[in-house]
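Colleague: Sharing a structure with you now.
2 protein chains.
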Amino acid sequence: MRLLLAEDDEALVAGLKPALERAGYAVDVATDGVFAQLSAEAIAYDLIVLDLGLPRRNGIEVLRGWRAARRAMPVVVLTARDTWQEKVEVLNAGADDYVCKPFHTEELLARIAAVLKRSAARRAPGPLARGGLRLDEATQSAALDDGTPIELSSIEFRLLRCFMLHAGQVLSQQRLNEHLYDHATDHDSNVIEAHITRLRRKIGRDWIQTRRGQGYVFEAPEAP
Amino acid sequence: MRLLLAEDDEALVAGLKPALERAGYAVDVATDGVFAQLSAEAIAYDLIVLDLGLPRRNGIEVLRGWRAARRAMPVVVLTARDTWQEKVEVLNAGADDYVCKPFHTEELLARIAAVLKRSAARRAPGPLARGGLRLDEATQSAALDDGTPIELSSIEFRLLRCFMLHAGQVLSQQRLNEHLYDHATDHDSNVIEAHITRLRRKIGRDWIQTRRGQGYVFEAPEAP
DNA sequence: GGGGTCTTTCAGCGAGGTTTCAGCTTCATT
DNA sequence: AATGAAGCTGAAACCTCGCTGAAAGACCCC
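The listed protein sequences derive, respectively, from chains U and R. Using the working numbering, the letters of the first sequence correspond one by one to residues 77 to 300. Using the working numbering, the letters of the second sequence correspond one by one to residues 77 to 300.
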């Protein structure tokens with residue numbers, strides 16, 4: 077789950093980025109309007125957190141630019157001004173939610189989760205449960221339908237969620253890499269393979285099939 | 077312990093907010109009905125103080141909205157009109173208590189405490205019976221079921237209460253920070269860790285489990 | 001002001017998660 | 001079957017995070 081944080085206040089970023097990452101998102105940061113706009117045009121983010129007071133280009137213009145270009149990803153707007161007029165303007169420009177500074181980190185997280193849930197509901201109804209495997213966002217753990225809990229580390233959780241969100245699709249190692257880490261890393265390593273091994277050991281071998289030379293596919297195992 | 081004060085009278089807020097904070101709650105304020113509704117949908121407040129005479133959306137509608145959305149947090153209603161009809165209407169809409177203006181701050185505090193106690197008892201027969209750990213608000217101390225008393229300092233008490241109210245959930249350090257202190261503090265310190273250590277030493281190691289990189293979970297220890 | 005307690009900071013330690021590495025297995029192609 | 005490429009996996013290295021004892025700071029009560 078990949079997210080762009082468009083915010084220039086360093087202190088805020090320093091607090092927010094780790095919190096978002098703890099919540100299981102891969103976070104890129106853009107510190108001015110132009111860069112934010114370009115980034116989101118280049119990459120299909122799952123959600124964008126957009127400060128209105130960015131240097132070089134106003135947040136509202138950036139947002140309008142995306143919507144004009146038919147970019148439909150959910151956008152949560154941050155602003156320092158809590159006026160009725162601005163709220164209306166922002167929502168009309170195509171924002172999905174609106175949070176005033178100062179805010180509790182937890183509140184932003186909750187709103188992000190709510191917006192994502194809504195947008196996921198639009199696309200694919202139902203919570204994150206596929207064929208007898210459930211993911212619990214709150215405790216960052218998984219469970220089989222019979223109730224057996226499965227403890228996951230942070231990376232394993234993100235990996236599994238990525239698979240479940242794209243169940244049935246082939247996910248290349250490169251794509252998994254990009255979803256799990258910030259796109260600075262040009263890994264030629266086998267981290268992904270290693271984690272897949274550990275994940276398979278925990279949830280069972282059959283959920284993740286390898287497509288040689290292409291990637292991996294997540295599917296419910298055959299009933300024997 | 078997090079609380080939403082939905083009230084538009086500035087003078088009242090100016091008096092009430094500090095009083096509530098002094099009583100150990102973290103307080104957010106919402107000054108109109110729509111915002112109050114959204115806030116409480118986004119954040120799991122432990123309690124809400126709701127004025128009926130809010131601008132933009134009537135308090136009763138807001139309350140009905142929450143209950144229709146299966147939001148079960150306790151709500152204490154403030155109102156200027158003291159008629160039995162309104163009282164009935166409000167309680168039927170799902171309020172937990174009802175205070176008429178003008179009131180003494182102390183009275184409101186007492187009702188809040190009472191409502192919280194009731195709701196804690198409702199949700200979890202648990203702080204008491206569960207694993208044999210009880211919290212005593214009056215003496216700010218804890219006790220094991222066998223009667224052994226445990227002396228707690230103020231912060232330890234609030235920390236433990238926060239854990240017991242959210243038993244089974246993962247609480248990140250950041251979230252605990254925000255619940256224990258006003259959200260001015262951008263601590264990169266390890267206060268929380270230090271207090272967790274001392275708390276564990278007092279109540280026993282097994283109650284609070286660490287989820288590396290995510291936070292802590294409060295649970296009754298296994299019976300050996 | 002002095003003794004006590006509560007709270008916070010600091011620094012070193014240790015555990016656990018993550019990544020790398022090396023050797024092995026599997027698969028496709030000839 | 002031989003070969004090479006791709007993937008698997010156990011073990012070791014690395015690194016980060018949380019733990020904890022001690023000391024400093026804040027606060028309160030005499």
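Glycine included, every Cβ here is placed at the ideal spot set by N, Cα and C. As the structure is a computational prediction, the values presented were derived from the model and not from experiment.
Please tell me whether Glu83 (chain R) has its Cβ less than 8 Å away from any Cβ of chain U.
Modeller: Not an interface residue.
Colleague: For Asn134 (chain R), which residues of its own chain have a beta-carbon under 8 Å away from its beta-carbon, when the five flanking residues on both sides are left out?
Modeller: Answer for Asn134 (chain R): Gly109, Leu128, listed in chain order.
Colleague: In angstroms with no decimal places, state the Cα-to-Cα distance between Tyr121 (chain R) and Met149 (chain R).
Modeller: Their backbone Cα atoms lie some 7 Å apart in a straight line.
Colleague: Does DSSP put Pro94 (chain U) in a helix, a strand or coil?
Modeller: It is helical.
Colleague: Can you pull the chain U residues whose beta carbon is under 7 Å from the beta carbon of Gln250 (chain R), in chain order?
Modeller: Ordered by position in chain U, the residues that pass the 7 Å Cβ test against Gln250 (chain R) are Ala95, Thr181.
Colleague: Would you give the residue range spanned by the alpha helix (DSSP H) that Glu83 (chain R) belongs to?
Modeller: Counting along the chain, Glu83 (chain R) falls outside any alpha helix (DSSP H), and DSSP gives it neither H nor E.
Colleague: I want to verify the contact list: residues of chain U whose CB lies under 7 Å from the CB of Ala118 (chain R), in sequence order.
Modeller: Neighbours of Ala118 (chain R) on chain U, chain order: Glu183, Ala186, Arg187, Ala190.
Colleague: I need the DSSP call for Ser229 (chain R), collapsed to helix, strand or coil.
Modeller: Correct three-state label for Ser229 (chain R): coil.
Colleague: Any chance you could list the beta strand (DSSP E) runs of at least 3 consecutive residues sitting entirely within the segment 94 to 157 of chain R, in chain order?
Modeller: Taking only runs of at least 3 residues, the beta strand (DSSP E) segments lying wholly in the segment 94 to 157 of chain R are 102 to 106, 123 to 127, 151 to 155.
Colleague: Between the segment 265 to 292 of chain R and chain U, which residues of the former have a C-beta closer than 7 Å to a C-beta of the latter?
Modeller: The residues in question are Gly289, Gln290.
Colleague: When the Cβ atoms of the segment 84 to 91 of chain R are set against those of the segment 155 to 174 of chain R, are three or more pairs found closer than 8 Å?
Modeller: No, they do not touch.
Colleague: Using the beta-carbon of each residue, which ones in chain R are nearer than 9 Å to Thr215 (chain U)?
Modeller: By Cβ distance, chain R contributes Gly244, Gln245, Val246, Arg287, Gln290, Val293.
Colleague: Beta-carbon within less than 6 Å of Gly202 (chain R)'s beta-carbon, same chain only, minus the 5 sequence neighbours each way: which residues are those?
Modeller: Its pLDDT being 39, under 50, Gly202 (chain R) is placed unreliably in this model, and the value from its coordinates should be taken loosely. Within the same chain, Gly202 (chain R) has no close Cβ partners at all.
Colleague: Cβ closer than 7 Å: which chain R residues qualify as neighbours of Arg98 (chain U)?
Modeller: Here the neighbours are Ser248, Gly289, Gln290.
Colleague: Which residues mark the beginning and the end of the beta strand (DSSP E) in which Thr286 (chain U) is found?
Modeller: Thr286 (chain U) -> beta strand (DSSP E) spans 284 to 287.
Colleague: Going by DSSP, which residues form a beta bridge with Leu220 (chain R)?
Modeller: Partner(s): R:Leu209.
Colleague: The beta strand (DSSP E) spanning Tyr292 (chain U) covers which residue range?
Modeller: Unbroken beta strand (DSSP E) run through Tyr292 (chain U): 291 to 294.
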